[in-house]
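**Student:** Attaching a single structure in structure tokens format; questions to follow.
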Amino acid sequence: MIVSALLTSVGINVGLCVLYLSLYSLLRKQPSNVSVYAPRMVAKERAGEKQGTFSSFSLDRFVPSPGWIVQAWRPSDDELLAVAGFDAYVFLRIFVFSLRIFSFACIIGICVLLPINYTGKQLDSADISDESLDLFTIANVESGSKRLWVHFCAVYLISGAACCLLYFEYRDIAEKRFAYFLSSPPQPHHFTNLVRGIPKSHQQIMSETVQEFFTQFYPSSYLSHQMVHHMGKVKALVHEANMLSRKVLHLKSMPRLQRKLQREGFLGLFGAKVDPVDLYSKKLEDVEEDVRLGQSEFYRKEKEVPAAFVSFKSRYGAAVASKIPQSTNPLLWVTEPAPEPRDVYWRFLSASYLQRWISSFVVMVAVFILTILFLIPVAIVQALTQLDQLEKFLPFLKKVLTLEVVSEIITGYLPSLILQMFMVIIPPIMMLFSAMQGFVSISGIQKSATTKVLYFTIWNVFFVTVLSGSVFSQINTFLSNPKDIPRQLAIVVPGQATFFITYVLTSGWTSVSFEVTRLIPLIVHFFKRHFCGGIEDEDLAPSFPYHSDVPKVLLFGLLGFTYSVLAPLILPFLVVYFSVGYIMFRNQMLNVYSPKYISSGHYWPIVHNCTIFSLVFMQILAIGIFVLKKLPYAAGCLVPLCIITLLFNNYCTKRFIPMFSNYAAEDLIRRDNADERNLVNAYRDPQFSTDEDGNYTLLSTPEV
1 MIVSALLTSV
11 GINVGLCVLY
21 LSLYSLLRKQ
31 PSNVSVYAPR
41 MVAKERAGEK
51 QGTFSSFSLD
61 RFVPSPGWIV
71 QAWRPSDDEL
81 LAVAGFDAYV
91 FLRIFVFSLR
101 IFSFACIIGI
111 CVLLPINYTG
121 KQLDSADISD
131 ESLDLFTIAN
141 VESGSKRLWV
151 HFCAVYLISG
161 AACCLLYFEY
171 RDIAEKRFAY
181 FLSSPPQPHH
191 FTNLVRGIPK
201 SHQQIMSETV
211 QEFFTQFYPS
221 SYLSHQMVHH
231 MGKVKALVHE
241 ANMLSRKVLH
251 LKSMPRLQRK
261 LQREGFLGLF
271 GAKVDPVDLY
281 SKKLEDVEED
291 VRLGQSEFYR
301 KEKEVPAAFV
311 SFKSRYGAAV
321 ASKIPQSTNP
331 LLWVTEPAPE
341 PRDVYWRFLS
351 ASYLQRWISS
361 FVVMVAVFIL
371 TILFLIPVAI
381 VQALTQLDQL
391 EKFLPFLKKV
401 LTLEVVSEII
411 TGYLPSLILQ
421 MFMVIIPPIM
431 MLFSAMQGFV
441 SISGIQKSAT
451 TKVLYFTIWN
461 VFFVTVLSGS
471 VFSQINTFLS
481 NPKDIPRQLA
491 IVVPGQATFF
501 ITYVLTSGWT
511 SVSFEVTRLI
521 PLIVHFFKRH
531 FCGGIEDEDL
541 APSFPYHSDV
551 PKVLLFGLLG
561 FTYSVLAPLI
571 LPFLVVYFSV
581 GYIMFRNQML
591 NVYSPKYISS
601 GHYWPIVHNC
611 TIFSLVFMQI
621 LAIGIFVLKK
631 LPYAAGCLVP
641 LCIITLLFNN
651 YCTKRFIPMF
661 SNYAAEDLIR
671 RDNADERNLV
681 NAYRDPQFST
691 DEDGNYTLLS
701 TPEV
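For the sequence shown, UniProt numbering begins at 1 and goes up steadily by one.
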């Protein structure tokens, strides 16, 4: 790619960003769009909390303004944590970490490495507008040049800074997670375990079996249990009842004269005309009666499944029971901490171990097949980046491709756009696959989907792209001669630097700007208002799609580390992306997305591991580059850096992962004791009140 093609791509994407942000600034001010751009506020109003309202008319509504940026920036981290939840806080910390490390790398890359690369003599140069962007990469530095030692130092500096920042972020998030746990009120899942694999008995129902087992083995800590039942038909009836209830409430809010009479017969075509409120109220009563009958039917013995939620009297008691095998048969009385009630995924609670194992195997095969099939769109994208190959396969486009504007758009903008369009369908597919694997919580499904999308993205978007059209031949080379992997990567990776710069523009800048406009929800909202009677969804505020956005951000981190030394021109574009993305997503977390369940920031270990992988890959790539550039001493001196990075990762894993996996016994017991003190002291006379440490509160002045 030449410089003019890059500038064309920059111009197109900057124009789209300005358009999207201006459009958002206008649309968010319209009162009719409040449920699209501020659904959290609408949800709070429905819950009875007083919120701000829009003025009926103001000229400011029709003028774009950056005031929303200030509003998004103003809340502190603690306020954000209280509003958006811990997962949202962790997600935004990815942007903070990336912005810090890549700002540091950008200073080194643009001020030091870029001039060295450009003044090299390895490649020929012409007029600046026609120069290849390869002139700004390490490929333009002469082999054996002493200036390559500057790149060597840059690898050490960036790696050291990244490890330091990673450690402090991991420590701070772990401490914040601990503080969040201590400050949160008692939650049902703190005291509850999910028990599966309950053995069947011909003498008693499963509920009696559960009570007998835990009463016998946990007499001092067992509290109660709740059996799981097959509720498929009842679930459909409850959904229908909720729909009818919302429709009745909406009709009652309308003036009586505006309500159109409807016939009560078949399909609304026959029978007497009646008020729709009476018609749907009667239907709602019938459905509610069916729900009650269904619930009583499904609580019978034959509808029980071998799973139950067992509650304990203390957090410590629940933790002990979840960590100890309950039976010599590992498939019976399988106990694990229960997810939060809103987080439970009920479909697979009754699945046996064999069913879950088969489902997981089928999903693994399906993911592998999807990964192979995705090579087709990647091959199409790579063909667009090389005009000579495109002319060869599509000769009828030869005259069109000779036009400078067309060739610049095709090579500079179209490939990354097409790849981004294909990638849109991957997160929903991976979410569906993960839901089939037998997870008992929605958060577990989303975390599994996040991992799948991350692996898929790194392989198909990064590795397959850099290997271009010779994917299978390159893989064969890697397998036959593993020692040659750094050298082979050093050959193929730098050549795709220009493509990934445009990918950052399209999938980064433009995509995050499009996110705030919420055009698709806006269109759906418009049709509901004008063609569906104006009935809004009961749950206006959506949950954040971590499974699609976390892998995308981590991919940009991989690109940043990979090309920070090879092609530092990518770094300013990444810094802009992380800066804009932080503000955009902060705004969305505060106004749009609402956490549907309480989570504990389990995404950060994924972020840490992916960052370590990116660092080690950068170092291995640098070894291959120095071998190609005939600087073997520099390559040899980078081997200890790889080892140190892996040792650092091992230390962080042992230091912090236990804090994310389980809470310590002392913390659980401290919370249990605090709850007991609060209960004991709840009705104490104010004259004998004590503080949190149990000390008596002294009066500042004597009372008479």
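Where a beta carbon is used, it is the ideal one built from N, C-alpha and C, also for glycine.
Can you say whether alanine 162 is buried or exposed, counting buried as having 16 or more other CB atoms within 10 angstroms of its CB?
**Tutor:** Here the question's residue 162 lines up with position 162 in the sequence shown. Classification of alanine 162: buried, given that the 10 Å Cβ count is 16 or more.
**Student:** I'd like to know whether the C-beta atoms of serine 443 and proline 339 end up nearer to each other than 8 Å.
**Tutor:** What you label residue 443 is simply residue 443 of the sequence shown in a count that begins at 1. What you label residue 339 is simply residue 339 of the sequence shown in a count that begins at 1. Taking 8 Å as the Cβ cut-off, serine 443 and proline 339 qualify as a contacting pair.
**Student:** Just mark residue 714 as buried or exposed, buried being the case when its beta carbon has 16 or more other beta carbons within 10 Å.
**Tutor:** The first residue shown for the chain is 1 and the last is 704, placing residue 714 beyond what the model contains.
**Student:** Taking the alpha carbon of valine 63 as the point to measure from, which residue in Ala72, Arg100, Ser22 has its own alpha carbon closest?
**Tutor:** Your numbering for residue 63 matches position 63 in the sequence shown. When each option's Cα is compared against that of valine 63, the closest is Ser22.
**Student:** Would you call arginine 28 buried or exposed, if buried means 16 or more other Cβ atoms sit within 10 Å of its Cβ?
**Tutor:** Along the sequence shown, read from residue 1 onward, the residue named residue 28 stands at position 28. Buried, because 16 or more other Cβ atoms sit within 10 Å of the Cβ of arginine 28.
**Student:** Quick one, which of Glu666, Tyr546, Phe626, Asn587 has its alpha-carbon nearest glutamine 71's?
**Tutor:** Working through the sequence shown from its first residue, we reach residue 71 at position 71. For the residues Glu666, Tyr546, Phe626, Asn587, the minimum Cα distance to glutamine 71 belongs to Asn587.
**Student:** Taking all protein chains shown into account, decide if cysteine 17 is buried (16 or more other Cβ within 10 angstroms of its Cβ) or exposed.
**Tutor:** Residue numbering aside, residue 17 sits at position 17 when the sequence shown is read from its first letter. Buried.
**Student:** Report the CB separation of leucine 554 from cysteine 610 in whole angstroms; it is logged as a contact under 8 Å.
**Tutor:** Start at 1 with the first residue of the sequence shown, and residue 554 comes out as number 554. Start at 1 with the first residue of the sequence shown, and residue 610 comes out as number 610. Indeed they touch by this definition, with Cβ atoms about 5 Å apart.
**Student:** From glutamate 208 to aspartate 675, what does the alpha carbon distance come to, in whole angstroms?
**Tutor:** The sequence position of residue 208 within the sequence shown is 208, counting from 1. The sequence position of residue 675 within the sequence shown is 675, counting from 1. So the two alpha carbons sit approximately 30 Å from each other.
**Student:** Would you kindly work out how many angstroms separate the C-alpha atoms of isoleucine 591 and arginine 40, rounded to a whole number?
**Tutor:** Residue 591 sits at position 591 when you count from the first residue of the sequence shown. Residue 40 sits at position 40 when you count from the first residue of the sequence shown. According to the sequence displayed, residue 591 carries asparagine and not isoleucine. Distance between the alpha carbons of asparagine 591 and arginine 40 is about 6 Å.
**Student:** Classify glutamate 340 as helix, strand or coil using the three-state DSSP reduction.
**Tutor:** Taking the first residue of the sequence shown as 1, we reach residue 340 at position 340. Coil at glutamate 340, not helix or strand.
**Student:** Should methionine 589 be labelled buried (16 or more other beta-carbon atoms within 10 Å of its own) or exposed?
**Tutor:** Here residue 589 refers to the residue found at position 589 when the sequence shown is read from its first residue. Classification of methionine 589: buried, given that the 10 Å Cβ count is 16 or more.
**Student:** Cβ of serine 564 within 8 Å of Cβ of serine 507?
**Tutor:** Locating residue 564 in the sequence shown gives position 564, where the first residue counts as 1. Locating residue 507 in the sequence shown gives position 507, where the first residue counts as 1. Not a contact, by the Cβ cut-off of 8 Å.
**Student:** By the three-class DSSP mapping on this structure, what secondary structure does serine 35 have?
**Tutor:** Locating residue 35 in the sequence shown gives position 35, counting from the first residue. Note: serine 35 maps to helix in three-state DSSP.
**Student:** Please name the residue in Val210, Tyr170, Gln437, Ser296 whose C-alpha comes closest to that of serine 360.
**Tutor:** Position 360 of the sequence shown, counting from 1, holds the residue named residue 360. Among Val210, Tyr170, Gln437, Ser296, the Cα nearest to that of serine 360 belongs to Gln437.
**Student:** Please report the distance separating the alpha-carbon of alanine 635 from that of alanine 105.
**Tutor:** Within the sequence shown, the letter at position 635 stands for residue 635. Within the sequence shown, the letter at position 105 stands for residue 105. C-alpha separation (whole angstroms): 20 Å.
**Student:** Buried or exposed: which applies to phenylalanine 472, given that a residue is buried once 16 or more other Cβ atoms fall within 10 Å of its Cβ?
**Tutor:** One-based indexing of the sequence shown puts residue 472 at position 472. Bear in mind that a pLDDT of 45 at phenylalanine 472, under 50, signals an unreliable position, so the model cannot answer this.
**Student:** Is it the case that the region 144 to 154 contacts the region 98 to 116, given that we only count it when at least three CB pairs across the two stretches are under 8 Å?
**Tutor:** Yes: at least three Cβ pairs fall under 8 Å.
**Student:** According to DSSP, is alanine 351 part of a helix, a strand, or is it coil?
**Tutor:** In the sequence shown, residue 351 corresponds to position 351, counting from 1. In the structure shown, alanine 351 sits in coil (DSSP, three-state: anything other than H, G, I, E or B).
**Student:** Determine, using beta carbons only, whether alanine 664 and serine 594 come nearer to each other than 8 Å.
**Tutor:** The residue labelled residue 664 in the question sits at position 664 within the sequence shown. The residue labelled residue 594 in the question sits at position 594 within the sequence shown. Cβ atoms of alanine 664 and serine 594: not closer than 8 Å.
**Student:** Taking only runs that begin and end inside the region 81 to 154, name each unbroken alpha helix (DSSP H) of 4 or more residues, in chain order.
**Tutor:** Counting whole runs of 4 or more residues, the region 81 to 154 contains the alpha helix (DSSP H) stretches 86 to 108, 114 to 118.
**Student:** Output yes or no for whether 8 Å exceeds the beta carbon distance between glycine 557 and aspartate 87.
**Tutor:** What you label residue 557 is simply residue 557 of the sequence shown in a count that begins at 1. What you label residue 87 is simply residue 87 of the sequence shown in a count that begins at 1. It is not a contact, given that the beta carbons lie outside the stated cut-off.
**Student:** Report, in whole angstroms, the separation of the C-beta atoms of isoleucine 612 and asparagine 673, which I expect to be a contact under 8 Å.
**Tutor:** Residue numbering aside, residue 612 sits at position 612 when the sequence shown is read from its first letter. Residue numbering aside, residue 673 sits at position 673 when the sequence shown is read from its first letter. Not confirmed; about 39 Å, so no contact.
**Student:** Going along the chain, which unbroken runs of the alpha helix (DSSP H) with 4 or more residues stay wholly within the region 535 to 598?
**Tutor:** Counting only runs of 4 or more, we get 546 to 566, 570 to 591.
**Student:** For alanine 307, list the residues DSSP reports as bridge partners.
**Tutor:** Stepping through the sequence shown from its first residue, residue 307 is reached at position 307. Looking at the DSSP assignment, alanine 307 forms a beta bridge with Arg196.
**Student:** So is proline 219 buried or exposed if we call it buried at 16+ other beta carbons inside 10 Å?
**Tutor:** Taking the first residue of the sequence shown as 1, we reach residue 219 at position 219. Per the 10 Å Cβ criterion, exposed.
**Student:** Can you give the Cα-Cα distance for valine 320 and leucine 679, rounded to whole angstroms?
**Tutor:** Locating residue 320 in the sequence shown gives position 320, where the first residue counts as 1. Locating residue 679 in the sequence shown gives position 679, where the first residue counts as 1. Their backbone Cα atoms lie some 23 Å apart in a straight line.
**Student:** Pick from Ile429, Ser513, Phe585, Tyr345: whose alpha carbon is nearest that of histidine 230?
**Tutor:** For the purposes of this step, residue 230 is taken as the residue at position 230 of the sequence shown. With distances taken between Cα atoms, histidine 230 lies closest to Tyr345.
**Student:** Taking just the CA atoms, how far does isoleucine 107 sit from threonine 465?
**Tutor:** The residue given as residue 465 occupies position 465 in the sequence shown. The residue given as residue 107 occupies position 107 in the sequence shown. Spanning the two alpha carbons is a distance of roughly 28 Å.
**Student:** Just to confirm, are valine 36 and histidine 525 a CB contact at a threshold of 8 Å?
**Tutor:** Along the sequence shown, one-based indexing puts residue 36 at 36. Along the sequence shown, one-based indexing puts residue 525 at 525. Yes.
**Student:** Candidates Gln326, Gly160, Ala139: which alpha carbon is nearest glutamine 216's?
**Tutor:** Counting from 1 along the sequence shown, the entry for residue 216 is found at position 216. Closest by alpha carbon: Gln326.
**Student:** Give me the residue from Phe136, Gly85, Phe168 with the minimum Cα distance to residue 719.
**Tutor:** Nothing about residue 719 can be read from this structure; the chain reaches only from 1 to 704.
**Student:** What residue does the beta strand (DSSP E) around glutamine 226 start on, and which one ends it?
**Tutor:** If you number the sequence shown from 1, residue 226 lands on position 226. Counting along the chain, the beta strand (DSSP E) containing glutamine 226 begins and ends at 222 to 229.
**Student:** Compute the beta-carbon to beta-carbon distance between residue 705 and glycine 560, rounded to the nearest angstrom, for a pair I have assumed lies under 8 Å.
**Tutor:** Within the shown structure, residues of the chain are numbered from 1 to 704, placing residue 705 beyond reach of any answer.
**Student:** Can you list, in chain order, the residues of its chain whose CB lies under 8 Å from that of leucine 251, leaving out five sequence neighbours each side?
**Tutor:** Here residue 251 is taken as the residue at index 251 of the sequence shown, counted from 1. Cβ neighbours of leucine 251 beyond the five flanking positions: Arg259, Pro276, Val277, Tyr280.
**Student:** Among the residues of its own chain, which have a CB less than 7 Å from the CB of tryptophan 459, if the five just before and after it don't count?
**Tutor:** Within the sequence shown, residue 459 is the residue found at index 459, counting from 1. For tryptophan 459, where only same-chain residues beyond five positions count, the Cβ hits under 7 Å are Thr371.
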